[in-house]
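K.L.:
Could you have a look at this structure, given as structure tokens, before my questions?
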Amino acid sequence: MSYLSHLICSHCGQIHAADQLIRLCPDCDHPLLACYDLDKAAREVDRDALAQRPADMWRYRELLPVRDPRYIVTLGEGGKPTLKMEQLGREMGLSQLYIKDEGQNPTGSFKALGLAAAVSRAIELGVTEFVIPTAGNAGGALAAYAARAGVTAHVYMPGDAPLINITEVQMTGADLRLVNGLINDAGRAAAADAQVGGWFDVSTLKEPYRVEGKKIMGYELAATFNWELPDVIIYPTGGGTGLIGMWKAFAEMEAMGWIGPKRPRMVAAQSDGCAPVVKAFHEGKTVTDPWENASTLAGGLRVPVTIGGEQMLRILYESGGTAVAVSDSRILTAQQKLAMREGMFVSLEAAATVAALETLVTDRWIHPDERVLVFNTGSGLKYRLLLT
Ligand SMILES: Cc1ncc(COP(=O)(O)O)c(C=O)c1O
Ligand SMILES: [Zn+2]
């Protein structure tokens with residue numbers, strides 16, 4: 296089953312035992328990353344034989360943290376398609392434009408991947424009560440997986456979150472707390488109550504395993520492109536787990552000899568109403584500063600304080616990537632364009648990747664024949680209707 300070996304701190308490099316319930320690095324309070332016995336995996340896991348397994352996230356179970364398969368809580372997450380966008384590509388002058396459609400996941404967003412991994416592993420380690428601060432989709436996913444596993448979820452969400460996120464949490468019977476403020480305010484309230492209640496807090500990057508579920512997107516797209524990664528990946532960046540997860544997946548795959556050293560240029564797309572990563576990147580900084588008065592219709596990008604800032608910036612610099620902020624009006628236009636040209640009703644966060652792509656094409660940062668991949672991280676059906 297899992298080849299999980301230990302945890303390593305993303306900041307100070309300290310090693311910690313994997314088979315314990317742990318959140319941040321006890322030495323420096325930075326995110327921990329899961330490490331696997333990749334030599335053993337290189338010897339024993341045949342990347343091409345994996346295609347014989349069911350096409351879900353657990354196809355890559357040796358590289359996921361759950362040791363005993365009985366603890367896997369699944370709703371069929373993972374294995375969602377990468378689709379070529381011919382019409383939109385032609386319109387933008389790109390011959391190889393693709394989208395990975397994570398909106399087809401359970402609960403309608405890619406948050407299912409991270410929460411399936413984190414909930415399964417935490418239950419294996421004895422957790423029965425979870426708490427999460429969320430812009431909306433992660434809360435919906437936690438509520439669903441907790442219900443499926445018969446455990447308790449407490450979900451802290453900004454009061455102005457999309458009605459569908461409120462409804463999907465309420466439907467499961469989870470404890471929903473609407474918070475006056477943004478996701479970081481929800482995070483403060485959740486952390487305080489978690490301490491009192493003894494609940495396990497699965498905030499973004501504050502436990503090691505959500506990123507493990509998200510990294511599977513990196514494995515899947517490598518397999519899709521016959522183990523040669525795209526030239527450019529544009530990711531809608533809030534807390535950044537997908538970006539961090541995919542980069543980790545690439546390193547693991549190279550260590551196992553599944554892919555070569557070539558990496559995509561990684562691009563963080565944000566809204567100009569909340570763009571701490573874009574700002575820090577263009578100022579050449581190694582950490583992000585809190586964003587004042589964060590405001591964007593793309594709720595998943597409204598993350599003013601990011602614990603993963605240091606990791607994300609390292610990836611953007613190392614990959615020769617960049618970071619692009621786009622306005623909400625351009626996000627809405629891109630959302631409509633994806634629906635009209637490709638029949639895909641995507642989330643606003645995902646639409647930001649296409650708006651960012653337009654900027655990069657205009658700036659000639661992308662060559663017309665490069666293979667470019669954008670992400671649909673959530674279904675457009677989950678959003679409130681906007682009368683614009
Ligand atoms: C649909 C959607 N896309 C993107 C994001 C941002 O994801 P991450 O926090 O991994 O950067 C979110 C987060 O809430 C989301 O719900
Ligand atoms: Zn540390």
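Going by the working numbering, the first residue of the sequence shown is number 296, and it counts up by one from there. Ideal placement from N, C-alpha and C gives every residue a C-beta, glycine not left out. Please read these numbers as outputs of a predicted model, since none were measured by experiment.
Are there 16 or more other CB atoms within 10 angstroms of the CB of Thr462, so buried, or fewer, so exposed?
P.N.:
exposed
K.L.:
Since Asp396 contacts Asn588 with CB under 8 Å, what's their CB separation in whole angstroms?
P.N.:
The pair is not a contact, with the Cβ atoms about 33 Å apart (cut-off 8 Å).
K.L.:
Which value, in whole angstroms, describes the spacing of the CA atoms of Leu611 and Gly508?
P.N.:
Their backbone Cα atoms lie some 21 Å apart in a straight line.
K.L.:
Cα separation between Ile528 and Ala564?
P.N.:
Answer to the nearest angstrom: the Cα atoms are 10 Å apart.
K.L.:
Identify the residues that DSSP records as bridge partners of Leu685: which are they?
P.N.:
Within the shown structure, residues of the chain are numbered from 296 to 683, placing residue 685 beyond reach of any answer.
K.L.:
Is Gly534 near ligand 1, judged by its Cβ being under 7 Å from some heavy atom?
P.N.:
yes
K.L.:
According to DSSP, is Thr687 part of a helix, a strand, or is it coil?
P.N.:
Residue 687 is absent from the structure shown; the chain starts at 296 and stops at 683.
K.L.:
With 16 as the cutoff for other CB atoms within 10 Å, does Met551 come out buried or exposed?
P.N.:
Counting every other CB atom within 10 Å of its CB across the protein chains shown gives Met551 a total of 16 or more, marking it as buried.
K.L.:
Using only the alpha-carbon positions, how far apart do Thr683 and Leu655 sit?
P.N.:
With a pLDDT of only 48 at Thr683, under the threshold of 50, the placement of this residue in the model should not be trusted; the figure read from the coordinates follows. Near 26 Å, if we compare the C-alpha coordinates of Leu655 and Thr683.
K.L.:
Counting only runs of 3+ residues fully inside the segment 300-335, write out the beta strand (DSSP E) ranges in chain order.
P.N.:
327-331
K.L.:
Check the DSSP bridge columns for Leu668 and list the partner residues they point to.
P.N.:
Tyr393, Ile528
K.L.:
By how many angstroms is the C-alpha of Val340 removed from the C-alpha of Gln315?
P.N.:
Distance between the alpha carbons of Gln315 and Val340 is about 26 Å.
K.L.:
Between which residues of its own chain and Gln465 is the CB-CB distance below 8 Å, once the five residues before and five after are set aside?
P.N.:
Here the set comprises Leu471.
K.L.:
If we count Cβ pairs, one from each stretch, closer than 8 Å, do we get three or more for the segment 594-609 versus the segment 629-637?
P.N.:
Remark: fewer than three beta-carbon pairs, one from each stretch, lie closer than 8 Å, so the segment 594-609 and the segment 629-637 are not flagged as touching.
K.L.:
What did DSSP end up calling Val619 once you bin it into helix, strand or coil?
P.N.:
strand
K.L.:
Using the beta-carbon of each residue, find all residues closer than 6 Å to any heavy atom of ligand 2 and list them in chain order.
P.N.:
Cys304, His306, Cys307, Gln309, Cys320, Asp322, Cys323, His325
K.L.:
Reducing DSSP to helix, strand and coil, say where Leu383 ends up.
P.N.:
helix
K.L.:
Is Leu596 near ligand 1, with its Cβ less than 7 Å from a heavy atom?
P.N.:
Leu596 Cβ: within cutoff of ligand 1.
K.L.:
Throw me the rounded Cβ distance for the Leu302 and Cys330 pair, which I believe falls under 8 Å.
P.N.:
7 Å
K.L.:
Pair every Cβ in the segment 486-497 with every Cβ in the segment 533-543, then say whether three or more of these pairs are closer than 8 Å.
P.N.:
no
K.L.:
Grab me the residues of Pro556's own chain with a C-beta within less than 8 Å of its C-beta, minus the 5 sequence neighbours each way, in chain order.
P.N.:
Glu549
K.L.:
Let me confirm a value: Cys304 is counted as buried when at least 16 other C-beta atoms fall within 10 Å, else exposed. Which label applies?
P.N.:
buried
K.L.:
Can you pull the DSSP bridge partners for Thr377?
P.N.:
Lys395
K.L.:
Going by C-alpha to C-alpha distance, which of Gly398, Pro525, Ala647, Glu515 sits closest to Leu345?
P.N.:
Glu515
K.L.:
With DSSP as the reference, identify every bridge partner of Glu424, one or two as the case may be.
P.N.:
Thr447
K.L.:
On the DSSP bridge list, what partners appear for Ser566?
P.N.:
Cys569, Val621
K.L.:
If you pair each beta-carbon of the segment 518-526 with each one of the segment 449-458, do three or more pairs fall below 8 Å?
P.N.:
no
K.L.:
Please name the residue, chosen from Val368, Gly595, Thr583, that lies closest to Gln606 on a Cα-to-Cα basis.
P.N.:
Thr583
K.L.:
Please report how far the alpha carbon of His577 lies from the alpha carbon of Ala570, in whole angstroms.
P.N.:
Spanning the two alpha carbons is a distance of roughly 11 Å.
K.L.:
Give every residue of the same chain whose Cβ lies closer than 8 Å to the Cβ of Arg666, excluding the five residues on either side of it in the sequence, and list them in chain order.
P.N.:
If we look at Arg666 and ignore the five residues flanking it on each side, its Cβ neighbours are Gln391, Tyr393, Phe520, Pro525, Asp526, Val527.
K.L.:
Taking 7 Å as the line, does the beta carbon of Ser590 fall inside it for any heavy atom of ligand 1?
P.N.:
It does not: the Cβ of Ser590 is nowhere closer than 7 Å to a heavy atom of ligand 1.
K.L.:
For the putative contact between Glu419 and Val446, defined by C-beta atoms under 8 Å, what is the C-beta separation to the nearest angstrom?
P.N.:
The pair is not a contact, with the Cβ atoms about 12 Å apart (cut-off 8 Å).
K.L.:
From which residue to which residue does the alpha helix (DSSP H) around Thr657 run?
P.N.:
Residues 643-657.
K.L.:
Looking at the structure shown, is Met352 part of a helix, part of a strand, or coil, going by DSSP?
P.N.:
In the three-state scheme derived from DSSP, where H, G and I count as helix and E and B as strand, Met352 is classed as helix.
K.L.:
Between Ala350 and Thr657, what straight-line distance do the alpha-carbon atoms span, to the nearest angstrom?
P.N.:
37 Å
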